[in-house]
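S.K.: Here it is, the structure in full.
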Amino acid sequence: MKFLKSSETYKLDPKDLASLPVHPDADRLEGRFSEDFAVLIGNAQKGEADFLVKGKAKAFKAAENGIEYVPARIAFKNNMPRFLSILSMFKFARKKFKYSSAGIYHISAKEIRMMGIERGIRTKENAYGIRNPKWRIPESKRAGKYEELSKQIREQGYKDEHPISIMVCRSFGVLDTLDQGHHRISICLEQGVDRIAVEFRAVSKPPLVFALLLWLPAKAKRIITKIQNDKQINFHSNKSSMI
C-alpha cells in the first residue's frame, strides 16, 4: 500500500488515537514509521475512515496515565493522478483535489503557534481580510465578527463542530501549513482556551526528486513567514500592554 507522510508530527490527544480502528495491514505498515504513533487519514468526502497504523496499545496506556498529548505522524493517500502530483504545490490543484480526514482530533493552540505553521497572524485589526470577492466581509463588520467569535469561545469553550484545518504538504507541496482556522487560534490564545479541535487535509506530494528541490524554497518561505508573524505578535502585544 502506498501512502505519503506529513512533514511534521502533531501532539494529539491519545484518547483520540486510542478510539481509532487499527488498520488491517498495521503489522506490515508500522515499520515504515519511526514515531510511536501514526494515523492514516481517510477521505471523509468518500466515506473513508481514519485508521491508526501504529501505537494502539501505547495510546491506551498514555490515556490511562493522563498524558495530555502524544506526537503522531499523519499519513495520507494520494488523491490526484500521479503524473500530475507536481501540481499539488499550486492552489488550483489543491482546491480541486483536497480532501479532509474523517476524524476530529484535539491539539494545543499554543503548540500550533510554536510550530510556526500559521500562514499569518489574525487579530481584531486585520480580521477576515478575505481577498475573494465572493466571501469578502465589509470592513465595518470585520471587528464585530471577530468580537462575536471571541465571546463565543470565551463563554462556551472551543466547539468540535468547527475544527481548524491543517493541510499536510501544502507549502510547495512539501511542508505542512495551517489551511483554515487562523482567527480561531489567535482568539483561543487571547482567551486562554488551549485545547482545540483539528482536522487534517491532504492532496498529494510531488515525486521525490521534485520534493527535494522544493524543500529549500518551502523552508525559506516558512522562516520568512515565522519572522513576520513574530513581529506582528510582538507589535500586537506591545500595543495591548499600552492600552
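The sequence shown begins at -7 in this note's numbering and counts up one residue at a time.
Cβ atoms here follow ideal geometry from the backbone N, Cα and C, with glycine treated the same way.
#1: Shortest alpha-carbon distance to Glu56 belongs to which of Arg214, Asp8, Cys161?
#2: Beta-carbon within less than 7 Å of Ile216's beta-carbon, same chain only, minus the 5 sequence neighbours each way: which residues are those?
#3: Given a cut-off of 7 Å, decide if Met159 and Arg114 are closer than it, judged by their beta-carbon atoms.
#4: Mark Ser(-1) as exposed unless 16 or more other C-beta atoms lie within 10 angstroms of its C-beta, in which case mark it buried.
#5: Provide the residue(s) that pair with Pro14 in DSSP beta bridges, ordered along the chain.
#6: Does the region 165 to 175 come into contact with the region 196 to 214, if we say contact requires no fewer than three beta-carbon pairs (one atom in each stretch) closer than 8 Å?
#7: My understanding is that Tyr138 touches Val185, with C-beta atoms under 8 Å, so please give their C-beta distance in whole angstroms.
#8: Could I get the ranges of all uninterrupted beta strand (DSSP E) runs contained in the region 57 to 122, with 3 residues as the minimum, in chain order?
#9: If you compare alpha carbons, which of Ile33, Val62, Ile179, Gln220 is closest to Lys90?
#10: Buried or exposed: which applies to Ser132, given that a residue is buried once 16 or more other Cβ atoms fall within 10 Å of its Cβ?
#11: List the whole-angstrom C-beta distance separating Ser157 from Glu110, where the pair is believed to meet the contact cut-off of C-beta under 8 Å.
#12: Let me make sure I understand the geometry here. Which of Cys180, Ala41, Glu117, Phe52 has the alpha-carbon closest to that of Lys69?
#13: Within 10 angstroms of its Cβ, does Ala64 collect 16 or more other Cβ (buried), or is it exposed?
M.R.: Here's the rundown:
#1: Cα-wise, what sits closest to Glu56 is Asp8.
#2: Within the same chain, Ile216 has no close Cβ partners at all.
#3: No.
#4: Buried, since its Cβ has 16 or more Cβ neighbours within 10 Å.
#5: Residue 14 is actually Val in this sequence, not Pro. Residue pairing from DSSP places Val14 in a beta bridge opposite Leu44.
#6: Yes, the region 165 to 175 touches the region 196 to 214.
#7: At roughly 15 Å, the Cβ-Cβ gap does not stay under 8 Å, so Tyr138 and Val185 are not in contact.
#8: For the region 57 to 122, whole beta strand (DSSP E) runs of length 3 or above, ordered along the chain, are 62 to 68, 97 to 100.
#9: When C-alpha distances from Lys90 are compared across Ile33, Val62, Ile179, Gln220, the shortest belongs to Ile33.
#10: Under the 10 Å beta carbon count, Ser132 is surrounded by fewer than 16 other beta carbons and is classified as exposed.
#11: Taking 8 Å as the upper bound for CB-CB distance, Ser157 and Glu110 are not in contact here, some 12 Å apart.
#12: With distances taken between Cα atoms, Lys69 lies closest to Ala41.
#13: By the neighbour-count rule (16 or more Cβ atoms within 10 Å), Ala64 is buried.
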